[in-house]
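Student: First, the structure itself, so that you have it in front of you.
In the working numbering, the protein residues as written are 592 to 873.
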């Protein structure tokens, strides 16, 4: 019996061990979706080979233990949350590679906000530009299914962006806890598609649409968040060079996975929406 092969399936984009097909057949069958993955030793489409390799490397990659940002994260978590500028930090809501998100109280607005704080202290100009790009992108948008930005600034060596606080759960959690019937799934996708269409009409590409970046609020409405990888469709291309892969592998369009950033446009966001729709229906 032939040994299984570890690869990224071209059909469902899962990292899987595929089983060789019948003798004389170069097809490796995915156990999840039965997609025929052609043997990488045979003649095959160059784009598919490149995408499989790129996705495989990203899925197998692990965070470096020497990442300097981890030290600040641990120090922050051990101590009192305290405050940052005018904001009173109440609870840590999330932790990403670039920043942390806190539930905070804004006395100026007399309301709770979701405060995203850059991990890197005293960042250089280029890092600050990348971070505040999210605030500028979100500030251009005014849509009921997109979380609004209230303010942005710099205090005590830290960059921050204050977003409207949404009481809700990510779509991936909501999907796992609720059986979504087709009409509910279609409503969620419709609302998300309207939000993405609004962003595109304002010249904003999200580039990282995935269930974890969709909050389902207490009324069951989807709210698109995290424009951290967003860019203007008419500018900012210099911030992402060709060959740089940005986004989340399982929801990337082929051009994103291959690092062809100059080819990423509105259709790439639509591709990610399609993957979400497939997931919440399956």
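Backbone N, C-alpha and C define an ideal beta-carbon position, used for all residues, glycine too.
#1: Indicate whether the contact test is met: 3 or more Cβ pairs, each with one atom in the stretch 693 to 704 and one in the stretch 725 to 739, closer than 8 angstroms.
#2: Distance check for residue 682 and residue 668, CA to CA, integer angstroms please.
#3: Can you check which of these residues, 807, 687 and 675, is closest to residue 771 by C-alpha distance?
#4: Just how far apart, CA to CA, sit residue 784 and residue 864?
#5: Answer yes if the stretch 756 to 769 comes into contact with the stretch 795 to 802, meaning at least three C-beta pairs across the two stretches below 8 angstroms, and no otherwise.
#6: Taking three-plus beta-carbon pairs below 8 angstroms as touching, is the stretch 741 to 754 in contact with the stretch 719 to 730?
#7: Less than 7 angstroms between C-beta atoms, sequence neighbours within five positions excluded: which residues of the same chain meet that for residue 748?
#8: In the DSSP assignment, the beta strand (DSSP E) including residue 858 goes from what residue to what residue?
#9: Which residue comes first and which comes last in the alpha helix (DSSP H) that contains residue 784?
#10: On the criterion of 16 or more Cβ atoms from any shown chain inside 10 Å, does residue 817 qualify as buried, or is it exposed?
#11: Can residue 796 and residue 733 be called in contact, C-beta distance under 8 angstroms?
#12: Give the list of continuous beta strand (DSSP E) stretches no shorter than 3 residues that lie fully inside the stretch 679 to 715.
#13: Residue 749 bridges to which residues according to DSSP?
#14: Taking a contact to mean a Cβ-Cβ separation below 8 angstroms, would you say residue 686 touches residue 758 in this structure?
#15: Measuring only the C-alpha atoms, how far is residue 717 from residue 848?
#16: Taking Cβ positions only, does residue 692 come closer than 8 angstroms to chain D?
#17: Roughly how many whole angstroms lie between the Cα atoms of residue 788 and residue 744?
Tutor: If we stick to the structure as given:
#1: no
#2: The predicted position of residue 668 is uncertain, since its pLDDT is 47 and thus under 50; no value can be drawn from it.
#3: 807
#4: 7 angstroms
#5: yes
#6: yes
#7: 712 and 713
#8: It is not in any beta strand (DSSP E) - residue 858 instead sits in the alpha helix (DSSP H) that spans 857 to 872.
#9: 773 to 792
#10: buried
#11: no
#12: 690 to 697 and 702 to 709
#13: 746
#14: no
#15: 24 angstroms
#16: Of the chains in the structure shown, none is chain D; there is only one protein chain.
#17: 28 angstroms
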